[in-house]
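Below you'll find the structure, written out as structure tokens, and then a few comments.
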Amino acid sequence: HRFLEIEMLESIFTAGDLGSPLNRLLRERSRLAYSPEFTCSLNPDGGYWGFVVQNPEWSTDAVVESLWRLLADPDLRTTAWHEYVRDTIRGEFDMRDPDTDDYVKEAAQRLITNGIAWSDTDCRQQLLGISRDEINDLLDALSPDQAHTIIFEGQGGR
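Everything in the sequence shown is counted per our numbering, starting at 253 for the first residue and increasing by one.
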């Protein structure tokens, strides 16, 4: 299921929150952006995923170049990183506060996205069942010729 692949990619890029590869690259190391995020909108017939970065106009080209470096980063393909991501996924499911409203929203999103209403147990099991080789194949398939870069230029404080 495409949903699971995108969920896993999101975890690969964002596990660790402020210490995630995405934040470390764009915020901590290069100081190009304050709050980079992963975003996706999926449904059974298609959708999109990508990164949303709010940054100063002067850094736009460097941000795009940095995102491509992130996608090619060999550290994202290591057994150690994949185990960390798997621990993060386990924690997200196991430590989630019981909140009926959250459960309903999550179930509805899974139904809309997949056409299947997966339980947390099923979704957790499916995510954790994605192999390191499958994850690396997903990362290797990401290429500039298959991507679109959309830049919105705002006026900021002017």
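Built from N, CA and C at the ideal position, the CB exists for glycine as well.
This one's a predicted model, so the numbers in the text were calculated from it and none came from an experiment.
Asked                                                                                                                                                         : Found
Compute the Euclidean distance between the alpha carbons of valine 332 and threonine 401, then round it to the nearest angstrom.                              : Just to set this straight, residue 332 is alanine in the shown sequence, not valine. Straight-line Cα distance between these residues: approximately 31 Å.
Can you give the beta carbon distance from arginine 287 to alanine 314, rounded, assuming they're within the 8 Å contact cut?                                 : Going by the sequence as given, residue 287 is serine instead of arginine. 16 Å between Cβ atoms; not a contact.
Give the DSSP-derived three-state secondary structure of glutamate 280 in the structure shown.                                                                : helix
Can you give me the Cβ contacts of threonine 330 inside the same chain, cut-off strictly under 6 Å, excluding the 5 residues immediately before and after it? : none
Roughly how many whole angstroms lie between the Cα atoms of glutamate 257 and cysteine 375?                                                                  : 12 Å
With a threshold of 16 other CB atoms inside 10 Å of the CB of methionine 260, please say whether the residue is buried or exposed.                           : buried
For the beta strand (DSSP E) that contains tryptophan 333, what are its first and last residues?                                                              : First-last for tryptophan 333: 331-346, but that is the alpha helix (DSSP H), not the beta strand (DSSP E).
I think threonine 373 touches phenylalanine 255, with their Cβ atoms under 8 Å apart; what is that distance to the nearest whole Å?                           : Contact doesn't hold; Cβ gap of about 16 Å is too wide.
What distance in whole Å lies between the Cβ atoms of isoleucine 341 and leucine 379, which are believed to be in contact at a cut-off of 8 Å?                : 6 Å
Rounded to whole angstroms, what's the CA-CA distance from arginine 410 to asparagine 307? Just pull it up for me.                                            : Because the pLDDT of arginine 410 is 48, which lies under 50, any placement of that residue in the model is unreliable, and the question is left without a value.
Alpha carbon to alpha carbon, what distance is there between tryptophan 320 and serine 311?                                                                   : 14 Å
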